[in-house]
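A short write-up of the structure that comes next.
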Amino acid sequence: MLKGRESLIRLVGKRRRCLPNRQSLLSSPTQSSLNLRADENGKFVSIDNVEGSSNQEEQGNTEYSAVGLVDERVTCPVCGNKVSGQSNIINSHLDVCLSRGTKRKLTQRTLLELNFCPDSKAQIRTCYSKELGNDLFHAAHDDSHVQRVVHGLSDISAVEESADDVCGSSLNLMDDMQNQVGMCGNPILKDRINANVDDLSWALKNEVPDVEMTVTLDDISGVILETFIVGRKFCDGNELDLGARISLLRDPDNPKDPNAIKVISSDSGCRKVLGFLPRKLAQYLSPLMEKYFLNFEGSVISVPKNSIDVVPIQIMSHKTGSRGAKVYYNDEAFKCLWKNAQQVIESTKSCPPSAVKYQENFCVFIHDVLKSNSHLLTEDEKNFIELFTSLSDDSQRLFVRLYTRKGPWFRQSAISYPEVLDPEQAVKGLSETGYVSCFGIPNELCDDDIKEILDLLTVSELREILCMLKQNCNRAMRKQDLIVSLISLYKEELCPLLPCMVLDRTGACVRISLKAESLIWRAERLFFLNGEQDLLAFLLVDLGIVKYPTYKCIISQQIFSGRDGLLAYEEAIEVAQIIDEALDGSNIELVIKCIDIADSRISSESTQSLTSESMAPFLSRFSAKYVYSKVVLLGISFLEREHRYSDAIYLLKRLLKCFTCDGRRGYWTLRLSIDLEHMGYLNDSLSVAENGLLDRWVRAGSRVALQRRVLRLGKPPRRWKTPSFAESVKRKIMEVHVQGRPLNSVIGMKSRFYGEDGQQCGVERLALQHYAAEGWQGVHTESGIWLTIFGLLMWDIIFSDIPNVFRTRFQTAPLDLETDSFYLVRKSHIESHLQSIHDGMAEEILITSWELHEGTTCRGVNWDRHSLSELRAAVTCIGGLCLASFCRHLAKDYRSWSSGMPDLLLWRFHGNYRGEAKLVEVKGPRDRLSEQQRAWLLLLMDCGFNAEKFTV
0 MLKGRESLIR
10 LVGKRRRCLP
20 NRQSLLSSPT
30 QSSLNLRADE
40 NGKFVSIDNV
50 EGSSNQEEQG
60 NTEYSAVGLV
70 DERVTCPVCG
80 NKVSGQSNII
90 NSHLDVCLSR
100 GTKRKLTQRT
110 LLELNFCPDS
120 KAQIRTCYSK
130 ELGNDLFHAA
140 HDDSHVQRVV
150 HGLSDISAVE
160 ESADDVCGSS
170 LNLMDDMQNQ
180 VGMCGNPILK
190 DRINANVDDL
200 SWALKNEVPD
210 VEMTVTLDDI
220 SGVILETFIV
230 GRKFCDGNEL
240 DLGARISLLR
250 DPDNPKDPNA
260 IKVISSDSGC
270 RKVLGFLPRK
280 LAQYLSPLME
290 KYFLNFEGSV
300 ISVPKNSIDV
310 VPIQIMSHKT
320 GSRGAKVYYN
330 DEAFKCLWKN
340 AQQVIESTKS
350 CPPSAVKYQE
360 NFCVFIHDVL
370 KSNSHLLTED
380 EKNFIELFTS
390 LSDDSQRLFV
400 RLYTRKGPWF
410 RQSAISYPEV
420 LDPEQAVKGL
430 SETGYVSCFG
440 IPNELCDDDI
450 KEILDLLTVS
460 ELREILCMLK
470 QNCNRAMRKQ
480 DLIVSLISLY
490 KEELCPLLPC
500 MVLDRTGACV
510 RISLKAESLI
520 WRAERLFFLN
530 GEQDLLAFLL
540 VDLGIVKYPT
550 YKCIISQQIF
560 SGRDGLLAYE
570 EAIEVAQIID
580 EALDGSNIEL
590 VIKCIDIADS
600 RISSESTQSL
610 TSESMAPFLS
620 RFSAKYVYSK
630 VVLLGISFLE
640 REHRYSDAIY
650 LLKRLLKCFT
660 CDGRRGYWTL
670 RLSIDLEHMG
680 YLNDSLSVAE
690 NGLLDRWVRA
700 GSRVALQRRV
710 LRLGKPPRRW
720 KTPSFAESVK
730 RKIMEVHVQG
740 RPLNSVIGMK
750 SRFYGEDGQQ
760 CGVERLALQH
770 YAAEGWQGVH
780 TESGIWLTIF
790 GLLMWDIIFS
800 DIPNVFRTRF
810 QTAPLDLETD
820 SFYLVRKSHI
830 ESHLQSIHDG
840 MAEEILITSW
850 ELHEGTTCRG
860 VNWDRHSLSE
870 LRAAVTCIGG
880 LCLASFCRHL
890 AKDYRSWSSG
900 MPDLLLWRFH
910 GNYRGEAKLV
920 EVKGPRDRLS
930 EQQRAWLLLL
940 MDCGFNAEKF
950 TV
């Protein structure tokens, strides 16, 4: 895969079915200096005949762009076209010609059809949760714009990877923020708005006022609480009568929720389970029942039509014996529990729980978008989104169901969901408000609609139509081949009645309207802030599959200051999707067009004006400029693959000029130096490498690679003086050589060997067996175990209260983790924490984090791959000094140092509490160290680690 494409795919996320700006983007002229085009055969050629190649040794240190030599044209023996006479151009052209007809099959991206859970699975944080790091965050002056949301979801684990950009202005910005905190004494702490987060309650404002309470036993006895029975699908029977007597019973062994409370029928001595209390209420009532011995009884006050719908009930607490224990009803814990229980009750009065959780989640989703991003939407868009809340339950549920399915078209006769009681009326309501489009008349269909609706037909229906048209219909033909045949006949006007024939079989069809689809896509981007998450994230929370960490959102700065910035960002995302689709389809001309667009926009005045100078560096990745840089980087990889080094050099220089404070500058500088060497400009290549070493944004493996290039290219007579870093880079890395018994010696395939036990194994397993004979224990994990150790040791730092770094309830790391500001803003707290690690507290911190947060998703932490005993052994043997140094490097520059770590982590004990650790990079035959791996080994040696290279 081309360098940068995987990152771009993550940025784009789920491909949109319809790109509103596609036509205008591709038809508008671009002002790019690239001389690129594709010929009539789709081959990659140059507009001009000048390639420019000279002997740099004779020309001196001349700029590559000033060189231009007339190039001979030769005839390709395969296709007969004229191409450049340079060797690399001829080779590239022949590769394309000879590979024609062997292109890989295209794959179709499909959307996941969700199976939504009918009852609430999310769990909220209890009142015992402690706020972490209140003295850490630094805020802007204006307290009135600060929003705070407490995120306390206890049911979630997703892997998320982001690509934050680093910006130099973070240095001054963080200093200013710290100075302001020093002058005003944490202004944001004065006026925070507290809101417990769980499901819908985090978006509601109907909360019990926070007042001092003096609670007595008489106060709570006889108090009537109105709530609901949920989880009816788990009950013993569906029979339910109005006024039926009920009681509550704790269910501590419930595998989904240890706080679960059953609702039991009390009539006629029958102890049938009718369902459960809502999880967020049970969170507070369960300790009241267990610790304070409260009992609750009540009755059913309404019977729903649908047997699985929630059942309204009234419950009342009453006095019970204390079972021999002295109960204090006025302690702070009891007050907090009782107040929060009342708070949950009050919040559900205005919005009772629904039998279909996904409907509630969608309402939360659009409510939050309208509340937080109303300045980015027009009045028409806001009114359209608000219309959703006025729809009937059936219409709302049907829309969410259809939106999350693949589509785009659906047979109306086939729409059937148990929770949608009247699908026909639901479709009618959605159609009247413009949320769906309905087609039942052939004349209303366009050509594109015909193609999409043909997908609804079965293979037998398609064959039936072809037979009616008296066309050959081979039984071996696939569905897509049948569709292509029918479309071809329709376009040739050999089958004008095809729409009628299709609709006769499908009946009326519906699809999500383009307006609704576009607005919901925008809302998802604003809500999740990435392309990888969608409404499925709610489902994973509800099912308890994923559990997100507890943190606070303190928002004092908007990501998009105005609508223009949002629209430019969306347009850039469209360009990224177009180039990704073009690469899938090998559409060279379209790839070139996208590169031209990104090149012209990346430094245009309009794009620059939409990026606020006051924007925090870690928010810059939500700008159009950042997205276009991703497109340009992918274009550079494409050009290098095609040996178009002069154009790649031009784009690399553009990136380095436009992004002066960016963590990616190291890779760009390295590629620029390499491409200049490909072109024969050795002096320029050396100068670029030397200047790159003066750039503070060139780090880790890129810096080591540039240092090694300087030493290789900077020999006399180009350079006479030996660089000061020569000895450091040339340091000998200890190597261990072992003779293995190979099973295969095929280049490009992973080497396999016979292990010491006679079984087949990889090179890493062979290395573990070798070291086990010397008394070492260990794991093959590469970066995995190290990132897990870092996440567990630094958990409180990662999720501390910092403004603007947590903005959604579905984050696994702060937005600034991969930027310089992560360390700068938290410097005092980080250094204090690292001192504790240095002093030998690492194992205790590790155990505490494991016990408190096990199963909670966090960037880099893998709960399943490593056991607590392995992590404890590793931490103990590594020692506090090395661990503190390692964590400091990751905290300062997580982006540069989170990959390329040695393959093996080994340890062995000397007694019960002392041991030693060793890190080993394993290489098989013909393998060599990458620059990032070399940088890690050198860094580990500097930090005092025992590191070596193991070669088979």
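In terms of numbering that gives the first Met the number 0, the sequence shown is residues 0 to 951.
Built from N, CA and C at the ideal position, the CB exists for glycine as well.
The model shown is predicted, which means the values in this text are computed figures rather than measured ones.
(request) Kindly indicate the opening and closing residues of the alpha helix (DSSP H) around residue 505. (result) Against the sequence shown, residue 505 aligns to sequence position 506. Run containing residue 505: 497-505, per the alpha helix (DSSP H) assignment.
(message) Between 340, 310, 402, which has its C-alpha nearest residue 516's C-alpha?
(response) As a first step, residue 516 must be located in the sequence shown, where it is residue number 517. Checking every option, the nearest Cα to that of residue 516 belongs to 402.
(request) Would you mind working out which of 486, 248, 284, 253 sits nearest residue 219, comparing C-alpha positions? (result) In the sequence shown, residue 219 corresponds to position 220, counting from 1. For the residues 486, 248, 284, 253, the minimum Cα distance to residue 219 belongs to 284.
(message) Measuring only the C-alpha atoms, how far is residue 720 from residue 851?
(response) By one-based count along the sequence shown, residue 720 stands at place 721. By one-based count along the sequence shown, residue 851 stands at place 852. Their Cα atoms are separated by approximately 56 Å.
(message) Quick check: the Cα distance between residue 380 and residue 518, rounded to an integer number of angstroms?
(response) For the purposes of this step, residue 380 is taken as residue 381 along the sequence shown, with counting starting at 1. For the purposes of this step, residue 518 is taken as residue 519 along the sequence shown, with counting starting at 1. Cα-Cα distance, rounded: 8 Å.
(message) Going by DSSP in three states, residue 248 sits in which element: helix, strand or coil?
(response) As a position in the sequence shown, residue 248 is number 249, starting the count at 1. It is a strand residue.
(request) Use the C-beta contact count for residue 948: other C-beta atoms within 10 angstroms, 16 or more gives buried, fewer gives exposed. (result) Translated into positions along the sequence shown, residue 948 becomes position 949. Residue 948 should be labelled buried.
(message) Just to confirm, is the Cβ distance from residue 526 to residue 807 under 8 Å?
(response) Against the sequence shown, residue 526 aligns to sequence position 527. Against the sequence shown, residue 807 aligns to sequence position 808. One thing to note: residue 526 has its Cβ within 8 Å of the Cβ of residue 807.
(request) Tell me, to the nearest whole angstrom, how far the beta carbon of residue 732 is from that of residue 903; I am working on the premise that it is less than 8 Å. (result) Locating residue 732 in the sequence shown gives position 733, counting from the first residue. Locating residue 903 in the sequence shown gives position 904, counting from the first residue. Here residue 732 is actually not in contact with residue 903; their C-beta atoms are around 15 Å apart, not less than 8 Å.
(message) Here's the rule I'm using: 16 or more other beta-carbon atoms within 10 Å means buried, otherwise exposed. How should residue 802 be labelled?
(response) Counting from 1 along the sequence shown, the entry for residue 802 is found at position 803. So residue 802 ends up on the buried side.
(message) Tell me which residues share the same chain as residue 458 and place their Cβ nearer than 6 Å to its Cβ, disregarding the 5 neighbours each side in the sequence.
(response) One-based indexing of the sequence shown puts residue 458 at position 459. Answer for residue 458: 478, listed in chain order.
(request) Could you check what DSSP says for residue 658 in three-state terms: helix, strand or coil? (result) The sequence position of residue 658 within the sequence shown is 659, counting from 1. Of the three classes helix, strand and coil, the one that applies to residue 658 here is coil, per DSSP.
(request) Grab me the residues of residue 576's own chain with a C-beta within less than 7 Å of its C-beta, minus the 5 sequence neighbours each way, in chain order. (result) As a position in the sequence shown, residue 576 is number 577, starting the count at 1. For residue 576, where only same-chain residues beyond five positions count, the Cβ hits under 7 Å are 11, 14, 15, 18.
(message) Less than 8 Å between the beta carbons of residue 860 and residue 814, yes or no?
(response) Residue numbering aside, residue 860 sits at position 861 when the sequence shown is read from its first letter. Residue numbering aside, residue 814 sits at position 815 when the sequence shown is read from its first letter. No, they are not a contact pair.
(message) Can you look up residue 48 in the DSSP assignment and give me helix, strand or coil?
(response) As a position in the sequence shown, residue 48 is number 49, starting the count at 1. Confidence in residue 48 is poor, its pLDDT being 40 and thus under 50, which makes the residue's placement unreliable; the coordinate value appears in the next sentence. Reduced to three states, the DSSP call for residue 48 is coil.
(request) Tell me the start and end of each unbroken alpha helix (DSSP H) in the segment 746-811 that is at least 4 residues and wholly inside, in chain order. (result) If only uninterrupted alpha helix (DSSP H) runs of at least 4 residues are considered, those enclosed by the segment 746-811 are 762-771, 783-792, 794-797.
(request) Decide if the segment 871-882 is in contact with the segment 901-916; the criterion is three or more beta carbon pairs, one per stretch, under 8 Å apart. (result) yes
(request) May I have the straight-line CA-CA distance separating residue 712 from residue 373, to the nearest angstrom? (result) Here residue 712 is taken as the residue at index 713 of the sequence shown, counted from 1. Here residue 373 is taken as the residue at index 374 of the sequence shown, counted from 1. Approximately 57 Å between the Cα atoms of the pair.
(message) If we require 4 or more residues per run, which alpha helix (DSSP H) segments fall completely within the segment 622-709?
(response) 623-640, 644-657, 664-678, 681-691
(message) Is the beta carbon of residue 581 closer than 8 Å to that of residue 630?
(response) Against the sequence shown, residue 630 aligns to sequence position 631. Against the sequence shown, residue 581 aligns to sequence position 582. It is not a contact, given that the beta carbons lie outside the stated cut-off.
(message) Since residue 566 and residue 770 should fall inside the 8 Å C-beta cutoff, what is the C-beta to C-beta distance between them, to a whole number of angstroms?
(response) The residue labelled residue 566 in the question sits at position 567 within the sequence shown. The residue labelled residue 770 in the question sits at position 771 within the sequence shown. Going by Cβ atoms, the distance from residue 566 to residue 770 rounds to 57 Å, so no, they are not a contact pair.
(message) For a test of the three-state rule: what should DSSP assign to residue 907, helix, strand or coil?
(response) As a working mapping, residue 907 is identified with position 908 in the sequence shown. Correct three-state label for residue 907: strand.
(message) Please identify the residue among 703, 682, 616 whose C-alpha is closest to the C-alpha of residue 716.
(response) Position 717 of the sequence shown, counted from the first residue, corresponds to residue 716. Nearest option by C-alpha distance: 682.
(request) Using three-state DSSP, classify residue 3 as helix, strand or coil. (result) Start at 1 with the first residue of the sequence shown, and residue 3 comes out as number 4. Correct three-state label for residue 3: coil.
(message) List, from N- to C-terminal side, the alpha helix (DSSP H) runs of 4 residues or more that fit wholly inside the segment 381-469.
(response) 392-402, 422-432, 446-453, 458-467
(request) Could you pull the start and end residues of the alpha helix (DSSP H) that residue 286 belongs to? (result) Within the sequence shown, numbered from 1, the residue matching residue 286 stands at position 287. Segment 278-290, the alpha helix (DSSP H) holding residue 286.
(message) Using DSSP's beta-bridge definition, name the partner residues of residue 591.
(response) Your numbering for residue 591 matches position 592 in the sequence shown. In the DSSP output, where bridge partners are listed per residue, residue 591 has none listed.
(request) Output the boundary residues of the alpha helix (DSSP H) element that contains residue 368. (result) Walking along the sequence shown from the start, residue 368 turns up at place 369. Taken as a continuous stretch (DSSP letters only), the alpha helix (DSSP H) holding residue 368 covers 356-371.
(request) With DSSP as the reference, please indicate the residues paired to residue 272 in a beta bridge. (result) Position 273 of the sequence shown, counted from the start, is the residue given in the question as residue 272. Note: residue 272 sits in a beta bridge opposite 263.
(message) By DSSP's criteria, residue 315 is part of a beta bridge. Which residues make up the other side?
(response) Within the sequence shown, numbered from 1, the residue matching residue 315 stands at position 316. Answer by DSSP bridge pairing, in chain order: 223, 296.
(request) State the Cα-Cα distance for the pair residue 730 and residue 707, rounded to the nearest angstrom. (result) Walking along the sequence shown from the start, residue 730 turns up at place 731. Walking along the sequence shown from the start, residue 707 turns up at place 708. Their Cα atoms are separated by approximately 12 Å.
(message) Assess contact between the segment 668-678 and the segment 644-653, defined as three or more Cβ pairs (one per stretch) separated by less than 8 Å. Is contact present?
(response) yes
(request) Reducing DSSP to helix, strand and coil, say where residue 948 ends up. (result) The residue you call residue 948 lines up with position 949 of the sequence shown. If DSSP states are grouped into helix, strand and coil, residue 948 belongs with the strands.
(message) Within 10 Å of its beta-carbon, does residue 181 have 16 or more other beta-carbons around it, so buried, or fewer, so exposed?
(response) Stepping through the sequence shown from its first residue, residue 181 is reached at position 182. Because residue 181 sits at a pLDDT of 41, beneath the cut-off of 50, its placement in the model cannot be relied upon, and the following sentence gives the value as read from the coordinates. Label assigned to residue 181: exposed.
(message) Buried or exposed, going by whether 16 or more other CB atoms sit within 10 Å of the CB of residue 0?
(response) Mapped onto the sequence shown, residue 0 falls at position 1. Residue 0 should be labelled exposed.
(message) Quick test of your reading: residue 626 and residue 666, contact by CB under 8 Å. State the CB separation rounded to the nearest angstrom.
(response) Sequence index remark: in the sequence shown, residue 626 carries index 627 (1-based). Sequence index remark: in the sequence shown, residue 666 carries index 667 (1-based). Their Cβ separation, rounded to whole angstroms, is 17 Å, which puts residue 626 and residue 666 out of contact at 8 Å.
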